[in-house]
Amino acid sequence: MPALILASASPQRRRLLKKLGRRFRVIPSRVSEKSAQRDPRRVALELALRKARAVSRRHPRALVLGADTIVVCRGKIIGKPKSLSHARRILKELNGRWHRVYTGVALSLPGPGGVRASVAITRVKARRLDEAKLSTLAGKHMDKAGAYAVQDRRDPFIAQIRGDMDNVIGLPVSLVRRLLSRAGYPGPDRAAPREARSRSKLL
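Heads up: the sequence shown begins at 96 in our numbering, then just goes up one per residue.
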């Protein structure tokens, strides 16, 4: 089997990918995360493809996995906060509201094998917090789309999740497994913990 490369510097994605029980390398893509697309599915796919292809050009014999996560609230695409004040605005916009988390996943295959890609979507409900609590939370997760981290048990912002929690964290493991299998590379999944199944979960 060809080497598997994760085209991301995210420690959360690295931890989630370990669930598959495969050996892999981490080579960050370091590409622009800007997109002119308006449709959230297309944005997530475009950026995931861009990341996978950037690393694949340097490692054409490898399987390269790229991913990108965005948050959408009331039709507005929300990425990572650019500043502390931006993080506050994001949290205020999400405060007490349902929103969707999209993660585009792209798997670049070796040689002329092409690319397999798809998008996972999870619905998330934020708790309604007062201004003081929002100000305390702002800035804690500047590297996360939506300025929050559902995996951080100390973060009280998220109340409910409908769908795959792995997707909200940054990498829908079940989708990655399907893409690998469809490409002809079913996994070992040796002693790997089960990923979060699609469900409604109160936090």
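Every residue gets a Cβ at the ideal spot worked out from N, C-alpha and C, and that includes glycine.
Are at least three pairs of beta-carbons, each pair with one atom in the segment 185-192 and one in the segment 141-160, less than 8 Å apart?
no
Which residue spans inside the segment 194-227 form an unbroken alpha helix (DSSP H) run of at least 4?
none
Leaving out five residues before and five after Ser151 in sequence, what residues of the same chain have Cβ atoms less than 6 Å from its Cβ?
Only Val159, Ser203 meet the Cβ criterion.
Rounded to whole angstroms, what is the Cα-Cα separation between Val167 and Ile264?
Within the model, the alpha-carbon separation for Val167 versus Ile264 is close to 15 Å.
Identity of the residue in Ala242, Gly234, Leu101 nearest Ala149 by Cα
The candidate whose alpha carbon is nearest that of Ala149 is Leu101.
Exposed or buried, which one is Thr231 when buried takes at least 16 other CB atoms within 10 Å?
exposed
I'd like the list of long-range same chain contacts for Lys220, defined as Cβ closer than 6 Å, with 5 residues on each side in sequence excluded.
Excluding positions up to five away in sequence, the list reads Trp193, Ala254, Gln255.
Thinking just about the alpha-carbon of each residue, which of Gly170, Thr164, Ala240, Ala233 is nearest to the one in Arg184?
Ala233
Would you mind stating whether Arg60 and Val121 have Cβ atoms separated by less than 8 Å?
Residue 60 lies beyond the residue range present for the chain, which begins at 96 and ends at 298; the question has no answer from this structure.
Rank Pro123, Ala143, Asp261, Glu128 by C-alpha distance to the C-alpha of Lys177 and give the top, closest one.
Glu128
Ala286 to Ala98 span [Cα, whole Å]:
Any answer about Ala286 is weak, because its pLDDT of 43 lies below 50 and its placement is not dependable; what the coordinates show is given next. Answer to the nearest angstrom: the Cα atoms are 20 Å apart.
Measure the alpha-carbon distance for Glu226 versus Ala244 and round it to whole angstroms.
19 Å
If we ignore side chains and look at the alpha-carbon of each, how far apart do Pro251 and Gly241 end up?
14 Å
Is Gly279 near the ligand GDP, with its Cβ less than 7 Å from a heavy atom?
Among the components modelled here there is no ligand, and therefore nothing to report on the ligand GDP.
To which residues does DSSP link Gln132 through a beta bridge?
DSSP links Gln132 through a beta bridge to no other residue.
Does the separation of the CB atoms of Asp163 and Lys175 fall below 8 Å?
Cβ distance not < 8 Å, so Asp163 and Lys175 don't count as in contact.
Mind listing, in chain order, the continuous alpha helix (DSSP H) runs of no fewer than 4 residues lying wholly within the segment 146-200?
As far as the segment 146-200 is concerned, its whole alpha helix (DSSP H) runs of at least 4 residues are 179-189.
Closest by C-alpha distance to Ile173, when choosing among Met260, Gly258, Ala139
Ala139
Bridge partners of Arg120, per DSSP?
Per DSSP, Ile100.
Is Ala254 helix, strand or coil when you go by DSSP?
strand
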